[in-house]
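Q: I'd like to ask you about the structure that follows.
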Amino acid sequence: MKKLLFAMSFAVTLSAMGISAYAAGAGGTWRENNLGWWYETYDGGYYRNAWFQDSDSKWYYFNGDGYMVADQWVGDYYLSYRGSMLTNTITPDGYAVDYNGKWIHAGSNGRVGDTDLDNGTYTFDLTVDGKEMGVDYCGIYGNQYLIAGHIYRESDNEHVEYRSLSYKLTGNTRYRTKYGMSGSVDVSQEQFVEFANDYSAQCLLTITVVNGDVADIMLYKLR
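Just so you know, we're using the numbering used here here: the sequence shown kicks off at 34 and counts up by one.
Printed below as a string of structure tokens:
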């Protein structure tokens with residue numbers, strides 16, 4: 034089943050993350066020595082081989098020696114150079130993680146895909162899962178639009194091929210929605226996201242690409 038991950042904000046939950054070893058809301062103090070950072074609880078203990086969510090709702094992971102892990106993967110989650118888990122972005126090594134921080138399996142190598150389609154307008158059918166003509170996932174991650182699926186070029190209605198793609202959303206990106214035979218309507222990114230959350234599985238999606246940026250993106254509700 035494709036994942037249409039358009040939500041602009043998302044509360045991180047343990048069940049969604051699949052994290053079983055964790056501590057949340059425990060009082061304590063961050064401490065540092067020449068080996069790294071750890072979190073000392075008020076009773077003098079510390080966390081080992083465990084996830085920890087701080088008062089700012091950021092997630093950290095501590096290794097077997099109790100030190101904070103940074104700049105690396107822990108399972109399907111990436112810890113930044115500051116130690117906090119990355120969410121809704123592209124990792125430094127080129128992989129996509131969703132709003133819960135979980136790695137999105139993009140192309141065959143797991144990395145975010147190409148941006149090498151020629152300038153033009155392309156259509157994706159969100160009503161069908163992957164298979165021979167549909168879409169596996171799509172979504173907005175920060176200023177990136179990620180999509181994996183079968184692409185149809187509007188200029189000649191040709192099936193390009195299956196691709197995992199990443200394009201940049203800019204301040205000039207035009208967002209539109211359309212119902213049936215009515216004309217399209219210009220909307221904000223937030224309104225586009227709301228429309229996608231309500232109707233994406235009933236839509237065609239078209240994107241117009243100009244030099245690697247999304248110039249125009251439209252969701253067309255078929256009925």
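Ideal Cβ positions, reconstructed from N, Cα and C, are used throughout, including at glycine.
Once the 5 residues before and after SER117 are set aside, which same chain residues still bring their CB inside 8 Å of it?
A: LYS91, TRP92, TYR93
Q: On the three-state DSSP scale, how would you describe ALA103?
A: coil
Q: Alpha carbon to alpha carbon, what distance is there between GLU223 and PHE157?
A: 21 Å
Q: Going by Cα to Cα distance, which pick from ASN176, ASP151, ARG64, VAL168 is closest to ALA129?
A: ASN176
Q: From this set, HIS183, TYR178, ASP151, which residue's C-alpha is nearest THR160's C-alpha?
A: HIS183
Q: In terms of residues, what are the limits of the beta strand (DSSP E) holding ASP87?
A: It is not in any beta strand (DSSP E) - ASP87 carries neither H nor E in the DSSP assignment.
Q: Excluding the 5 residues preceding and the 5 following LEU119 in the sequence, name in chain order all residues of the same chain whose CB lies nearer than 7 Å to its CB.
A: TYR111, SER113, VAL130, GLY134
Q: Note down, in chain order, each residue of its chain lying with its Cβ closer than 6 Å to the Cβ of VAL193, except the 5 sequence neighbours on either side.
A: The residues are ILE184, ARG186.
Q: Given a cut-off of 7 Å, decide if PHE228 and THR203 are closer than it, judged by their beta-carbon atoms.
A: no
Q: Work out the CA separation of ASP76 and GLN235 for me, nearest whole Å.
A: 54 Å
Q: So is GLY245 buried or exposed if we call it buried at 16+ other beta carbons inside 10 Å?
A: exposed
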